[in-house]
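Here's the structure we're looking at; comments come further down.
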Amino acid sequence: MSAAEFVPAGADLDVLRRAADGCRGCHLYANATQTVFSKGPVTARVVLVGEQPGDVEDRRGEPFVGPAGKLLDRALDEAGFDPNETYTTNAVKHFSFRMSGQRRIHQTPTAAEVDACKPWLAAELSLLDPEVVVALGATAGKALLGPSFRVTKSRGAVLPWPPEGEPDPGRHQAASLVPTIHPSAVLRADNRDEAYGGLVHDLRVAARLLA
Ligand code: URA
Ligand code: SF4
10 MSAAEFVPAG
20 ADLDVLRRAA
30 DGCRGCHLYA
40 NATQTVFSKG
50 PVTARVVLVG
60 EQPGDVEDRR
70 GEPFVGPAGK
80 LLDRALDEAG
90 FDPNETYTTN
100 AVKHFSFRMS
110 GQRRIHQTPT
120 AAEVDACKPW
130 LAAELSLLDP
140 EVVVALGATA
150 GKALLGPSFR
160 VTKSRGAVLP
170 WPPEGEPDPG
180 RHQAASLVPT
190 IHPSAVLRAD
200 NRDEAYGGLV
210 HDLRVAARLL
220 A
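Heads up: the sequence shown begins at 10 in this note's numbering, then just goes up one per residue.
Structure, rendered in structure tokens:
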């Protein structure tokens with residue numbers, strides 16, 4: 010299972026996006042509506058990596074446009090990010106779900122699905138030249154830093170990107186990675202205000218790196 014054979018060599022972002030529409034690198038394409046690739050300009054100074062598209066994203070074909078996306082937009086604004094300088098993508102490009110009656114219930118992608126989809130993320134990161142990469146939640150953190158990543162342990166820290174011992178994905182400048190919680194975790198939290206405050210706090214750590 011891998012997207013590798015679907016990723017065109019030497020492609021720009023538009024070519025990459027169109028190629029991803031036809032990806033059959035794992036079985037997730039079969040039940041989803043469409044590939045959800047990314048939003049934002051190739052010149053972005055900040056790359057935000059989520060988990061996978063949700064129900065709304067799957068229908069609209071754009072990442073982070075549902076409830077978690079609205080919360081994320083508000084948190085990014087509060088943390089001081091310029092929306093024109095962010096590029097938003099996901100570790101996995103198709104919506105994974107199970108049916109409960111008529112409803113589609115989000116399923117966390119498996120490690121094998123995340124691995125299969127990694128060539129897209131790697132291709133994106135090699136085209137972009139971010140100063141800061143933000144990992145939103147455990148799935149993004151694992152995709153970017155490996156299986157030992159723990160969001161509770163690393164959130165709000167400034168880590169070197171790419172991690173030591175990993176090949177440079179083709180960047181042109183030194184970058185940092187800041188992990189934080191996923192915006193959906195804020196929506197699920199018992200104390201939403203506290204969880205939201207924590208997300209904004211971590212995002213401010215990332216925003217200060219751009220100043
Ligand atoms: N959650 C994600 O991780 N990504 C999206 O695009 C939407 C919700
Ligand atoms: Fe390809 Fe990723 Fe979709 Fe799987 S989830 S089919 S690897 S784009």
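Just so you know, even glycine gets a beta-carbon here, dropped at the ideal spot from N, CA and C. The structure displayed is predicted, hence computed values, not measured ones.
Among the candidates H36, P17 and A220, whose CA atom is the shortest distance from the CA of F106?
H36
So, helix, strand or coil for L25, using DSSP?
Here L25 sits in helix by DSSP.
Can you give the Cα-Cα distance for L196 and G59, rounded to whole angstroms?
15 Å
Could you say which of Q116, T95, G110 and A131 lies nearest to V16 if we only look at CA atoms?
Comparing Cα positions, the closest option is A131.
Check N200 in the structure and name its three-state DSSP category.
coil
Between which two residues does the beta strand (DSSP E) holding P188 run?
A184 to T189
Please return the same chain residues whose Cβ sits closer than 7 Å to the Cβ of A121, not counting the five positions on each side in sequence.
M10
Which complete alpha helix (DSSP H) runs does the region 22-109 hold, if anything under 4 residues is left out?
22-29, 64-69 and 76-88
May I ask you to list the residues that DSSP assigns as paired with W170?
W170 has A184 as its beta-bridge partners, per DSSP.
In terms of residue numbering, what span does the alpha helix (DSSP H) encompassing V123 cover?
A120 to L136
Taking 7 Å as the cut-off, decide whether the C-beta atoms of L219 and R54 are in contact.
yes
Whole angstroms are fine: how far does the CA of A41 sit from the CA of A18?
26 Å
Can you tell me which residues fall inside 5 Å of the ligand URA, judged by beta-carbon distance to its nearest heavy atom, and keep chain order?
G59, E60, P62, G63, E66, P72, F73, A77 and N99
Where A183 and S109 are concerned, what is the direct C-alpha to C-alpha distance, given to the nearest angstrom?
Going by the C-alpha atoms only, they are around 45 Å apart.
For E173, does the count of other Cβ atoms within 10 angstroms reach 16, so buried, or fall short, so exposed?
exposed
Sort G89, E133 and E66 by Cα distance to R27 and report the nearest one.
E133
Near E87, what residues of its chain come up, given a Cβ to Cβ distance below 7 Å and the 5 sequence neighbours on each side ignored?
Only V209 meet the Cβ criterion.
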